[in-house]
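Numbering-wise (the working numbering), the sequence shown opens with residue 1 and increments by one. Heads up, the thing below is written out as structure tokens.
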Amino acid sequence: MANGKIKLEVVTPVKRLVSAEVDEITGPGSWGEFGILPNHTPYLVQLDVGALSYRKSSGRYFVSVSGGYAEVGPHEVTILAESAELAEEIDVNRAKGARERALGRLSGKGADEPFNFDRAEASLKRAISRISVANRSGLE
Ligand code: ATP
């Protein structure tokens, strides 16, 4: 963009969470955290579960994302997340409940259900990301 900003869109299959002009973005890539400033080389990055953050003037904002892709262009970044929640809309008690259920499965409780390690681990990662992102938003 001529104003040196990045047009950021964060969307999931069911909603658009963010549409903003921002200064900088960091996110959880499947090969490690990535950072994007204006005029970045175009590329496509697969997302892990974790905290996406962006800076807008003096504010830094956090979104928990659970897989998907980031499409990076020199002046725009589109995050296509499998699911995503803004920090302020995360229900921490719900995430803590999900974390306890996942930990219970991983430690052998809930033996009445067929156990799927990958599913329990993915659920645990989503819950931990949501808990850590909740309320991390505001002025730097
Ligand atoms: P749960 O067991 O609590 O449903 P989950 O990890 O199985 O957690 P998902 O299937 O990843 O949940 O998400 C289902 C929908 O609920 C998505 O739209 C997601 O954004 C939303 N969601 C999940 N957990 C939370 C939370 N703690 N706070 C707010 N929204 C949430």
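For glycine and all other residues, C-beta sits at the position ideal for the given N, C-alpha and C.
- Distance between A102 and G4, taken at the CA atoms: about 43 Å.
- Nearest to A84 by C-alpha distance, out of F34, V22, V133, is V133.
- Closer than 7 Å to some heavy atom of the ligand ATP: that describes the Cβ of I90.
- In this structure, the ligand ATP has a non-hydrogen atom nearer than 7 Å to the beta-carbon of R126.
- Taking the Cβ of R94 as the reference point, at least one heavy atom of the ligand ATP falls within a distance shorter than 7 Å.
- Between the stretch 43-50 and the stretch 59-79, the count of Cβ pairs shorter than 8 Å is three or higher; the stretches touch.
- Excluding residues up to 5 positions away in sequence, A81, S83, A84 lie with their Cβ nearer than 6 Å to the Cβ of T12 in the same chain.
- Taking V22 as the centre and dropping the five residues before and after it, the same chain places the C-beta of K5, I6, L8, Y54, R55, K56 closer than 7 Å to its C-beta, in chain order.
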